[in-house]
Amino acid sequence: MKKIQNIEFYTGSKEERLPDFAADFPYLASRVELDQFMGRFVPWHWHRTVELFYMESGALVYHTPGGRWLFPAGSGGMVNSNVLHMTKPASQAKDNIQLLHMFDVSLLSGEAGSRIGHKYITPLVTAPQLEMIALFPEDPVQADILKRIREAFCFADNTFGYEIRLREALTEIWLLLLEQSRPALEQKGEDHKNEDKIKRMMIYMHAHYAEKISIPELAASAFLSERECFRVFQTCLHMTPIEYLRSYRLQTACRMLAEGQESVTAVGHACGLGSSSYFGKVFREYTGCTPLAYRRKWQERDR
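Start counting the sequence shown at 301; every next residue gets the next number (this note's numbering).
1) Looking at the unbroken alpha helix (DSSP H) that takes in E562, where does it start and where does it end?
2) Could you give the DSSP three-state label for G367: helix, strand or coil?
3) Going along the chain, which residues of its own chain have a beta-carbon closer than 8 Å to the beta-carbon of Q487, five neighbours each way excluded?
4) Would you report the Cα separation of L518 and L557, rounded to the nearest angstrom?
5) Could you tell me which uninterrupted alpha helix (DSSP H) segments, each at least 4 residues in length, are contained entirely in the segment 498 to 563, listed from first to last along the chain?
6) Go ahead and label Y354 buried or exposed: buried means 16 or more other beta carbons lie within 10 angstroms of its beta carbon, across all protein chains shown.
7) When you compare the CB positions of L424 and P326, do they come within less than 8 Å of one another, or not?
8) How about R595 and M338: do their beta carbons lie closer than 8 Å?
9) Of all the options P483, E333, R527 and Y548, which has the alpha carbon lying nearest to the alpha carbon of Y509?
10) Does the distance from the CB of G376 to the CB of I449 come in under 8 Å?
11) Output the boundary residues of the beta strand (DSSP E) element that contains K388.
12) Three-state secondary structure (DSSP) at G325?
13) Compare the Cα-Cα distances from W598 to each of N396, F341, C571 and G560 and report the closest residue.
14) Under the three-state reduction of DSSP, which class applies to G376: helix, strand or coil?
15) Looking only at C-alpha atoms, which of G374, H363, T540 and Q392 sits nearest to V383?
16) Measuring CB to CB, does A393 end up less than 8 Å from L485?
17) Span of the alpha helix (DSSP H) holding F337?
18) According to DSSP, simplified to helix, strand and coil, what is L477?
19) In chain order, what are the residue ranges of uninterrupted beta strand (DSSP E) at least 3 long that sit wholly in the segment 422 to 461?
20) Just the Cα atoms here: how many angstroms apart are L592 and L399?
21) Taking L435 as the reference, which of W369, R415 and H345 has the closest Cα?
22) Is the Cβ-Cβ distance between P365 and N494 less than 8 Å?
23) Excluding five sequence neighbours on each side, which residues of the same chain lie with their C-beta closer than 8 Å to the C-beta of K512?
24) Go to L592, then tell me how far its alpha helix (DSSP H) extends in each direction, as first and last residue.
25) Does the beta carbon of F455 fall short of 7 Å from some heavy atom of the ligand ATP?
26) Residues in the same chain with beta-carbon distance under 6 Å from F341, minus the five sequence neighbours each way, listed in chain order, please.
27) Taking only three categories from DSSP, how would you classify S575?
28) What's the gap between the Cα of V532 and the Cα of G461?
29) Let me know the secondary structure DSSP gives V567 once reduced to three states.
30) Have a look at E463 and A322 and give me their C-alpha separation to the nearest angstrom.
31) Mind checking who Y362 pairs with in its DSSP beta bridge?
Rendered as structure tokens:
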């Protein structure tokens, strides 16, 4: 199981990059140590893979465009394919640890257009009303699914038949999730148009964050009016475009300070945050410490 203390993205995007993901067996198990993440949160992102998770300790809050969920230890769930989401520990207590199964649904369905895919996979991954399937141990059926999710981490990848046994376990879990989701699947959900729009604008910001970005330019990147641009940001991320841009610039500054040796002035300009005085001011508001103190904290933590 891979230990995760940070998250990687494709260049110019917020689609998560999974460097150890193999095309011939599209699956990755990971142990996410959320308290070790910069800022102690996982920023807004998405991925094609399904995210099946179990909270080993602590408590975690998931945010999606459609809602907010609190997952204490012993609970878990599934984040659907390509759903925009972000996560934060529910408290400052340490040992917020999450176990993740990340897999492409082709692992279960086989080749594109298969009967299994058509009958059992596509109905769930294409349902806009199912951004998240939340599971809690108080419900006996959900408790059984959680037990199976937890047990699926126990397969040793060096044992004979590992891939087949793991795929069988994930398939059983998938069928139970599909059955659990029947009432929601019978309801008509809203389409993904807002998420498609917000992703296009996020990608534009991530490619041009070091430059001056105007609202008309941002709106045009998704073929929207300025008013619609503001509406989509508020609907999906519950913040304005300007607030998101500043947050992204500060996240980028945190990474540059933690990983590099550029001067504070150079980092401020590289992130589109201007002079060192303004950068220092907004950085302290965001992190509670100066840029130099932040650098020392993160560069010395593993010494």
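Every residue gets a Cβ at the ideal spot worked out from N, C-alpha and C, and that includes glycine. All values derive from a computational prediction rather than experimental measurement.
A quick look at the data gives this:
1) Here residue 562 refers to the residue found at position 262 of the sequence shown. Under the DSSP assignment, E562 falls outside any alpha helix (DSSP H); it carries neither an H nor an E label.
2) By one-based count along the sequence shown, residue 367 stands at place 67. Three-state result, G367: strand.
3) Residue 487 sits at position 187 when you count from the first residue of the sequence shown. For Q487, where only same-chain residues beyond five positions count, the Cβ hits under 8 Å are Q429.
4) In the sequence shown, residue 518 corresponds to position 218, counting from 1. In the sequence shown, residue 557 corresponds to position 257, counting from 1. It is roughly 27 Å from the alpha-carbon of L518 to the alpha-carbon of L557.
5) Taking 4 residues as the shortest admissible run, the segment 498 to 563 contains the following complete alpha helix (DSSP H) segments, listed from N- to C-terminal end: 515 to 521, 526 to 537 and 541 to 559.
6) Stepping through the sequence shown from its first residue, residue 354 is reached at position 54. Looking at its Cβ environment, which holds 16 or more other Cβ atoms inside 10 Å, Y354 is buried.
7) Taking the sequence shown and counting its residues from 1, the one referred to as residue 424 is at position 124. Taking the sequence shown and counting its residues from 1, the one referred to as residue 326 is at position 26. Cβ distance not < 8 Å, so L424 and P326 don't count as in contact.
8) Counting from one through the sequence shown, the residue named residue 595 turns up at place 295. Counting from one through the sequence shown, the residue named residue 338 turns up at place 38. In this structure, M338 does not lie closer than 8 Å to R595 by Cβ.
9) As a first step, residue 509 must be located in the sequence shown, where it is residue number 209. Nearest C-alpha to Y509: Y548.
10) Along the sequence shown, read from residue 1 onward, the residue named residue 376 stands at position 76. Along the sequence shown, read from residue 1 onward, the residue named residue 449 stands at position 149. Closer than 8 Å, so yes.
11) On the sequence shown, position 88 is the one that residue 388 refers to. Note, K388: beta strand (DSSP E), H385 to P389.
12) Position 25 of the sequence shown, counted from the first residue, corresponds to residue 325. According to the sequence as given, residue 325 is Phe; it is not Gly. Reduced to three states, the DSSP call for F325 is strand.
13) By 1-based counting over the sequence shown, the position of residue 598 is 298. Considering only alpha carbons, the answer is G560.
14) Locating residue 376 in the sequence shown gives position 76, counting from the first residue. Secondary structure at G376: strand, using DSSP grouped into helix, strand and coil.
15) Stepping through the sequence shown from its first residue, residue 383 is reached at position 83. When only C-alpha atoms are compared, the closest one is H363.
16) Stepping through the sequence shown from its first residue, residue 393 is reached at position 93. Stepping through the sequence shown from its first residue, residue 485 is reached at position 185. With contacts defined by Cβ atoms closer than 8 Å, A393 and L485 do not form a contacting pair.
17) Your numbering for residue 337 matches position 37 in the sequence shown. Taken as a continuous stretch (DSSP letters only), F337 belongs to no alpha helix (DSSP H), as it is neither H nor E.
18) Position 177 of the sequence shown, counted from the first residue, corresponds to residue 477. Assignment of L477 by DSSP, reduced to helix, strand and coil, places it in the helix class.
19) Runs found: 432 to 435.
20) Mapped onto the sequence shown, residue 592 falls at position 292. Mapped onto the sequence shown, residue 399 falls at position 99. Roughly 33 Å between the two C-alpha positions.
21) In the sequence shown, the residue the question calls residue 435 occupies position 135. L435 has its Cα closest to that of W369, out of W369, R415 and H345.
22) As a first step, residue 365 must be located in the sequence shown, where it is residue number 65. As a first step, residue 494 must be located in the sequence shown, where it is residue number 194. Judged by beta-carbon spacing, N494 lies within the 8 Å limit of P365, meaning their Cβ atoms are closer than that value.
23) As a first step, residue 512 must be located in the sequence shown, where it is residue number 212. Answer for K512: G572, listed in chain order.
24) Your numbering for residue 592 matches position 292 in the sequence shown. Its alpha helix (DSSP H) spans residues P591 to E600.
25) With respect to the ligand ATP, the structure offers nothing, as it holds no ligand at all.
26) Within the sequence shown, numbered from 1, the residue matching residue 341 stands at position 41. Excluding sequence neighbours, F341 sits near K388.
27) Counted from its first residue, the sequence shown places residue 575 at position 275. Correct three-state label for S575: coil.
28) Counted from its first residue, the sequence shown places residue 532 at position 232. Counted from its first residue, the sequence shown places residue 461 at position 161. For the pair V532 and G461, the Cα-to-Cα distance works out to about 47 Å.
29) Taking the sequence shown and counting its residues from 1, one reaches residue 567 at position 267. Helix.
30) Position 163 of the sequence shown, counted from the first residue, corresponds to residue 463. Position 22 of the sequence shown, counted from the first residue, corresponds to residue 322. Their backbone Cα atoms lie some 12 Å apart in a straight line.
31) Translated into positions along the sequence shown, residue 362 becomes position 62. Beta-bridge partners of Y362 (DSSP): W369 and T387.
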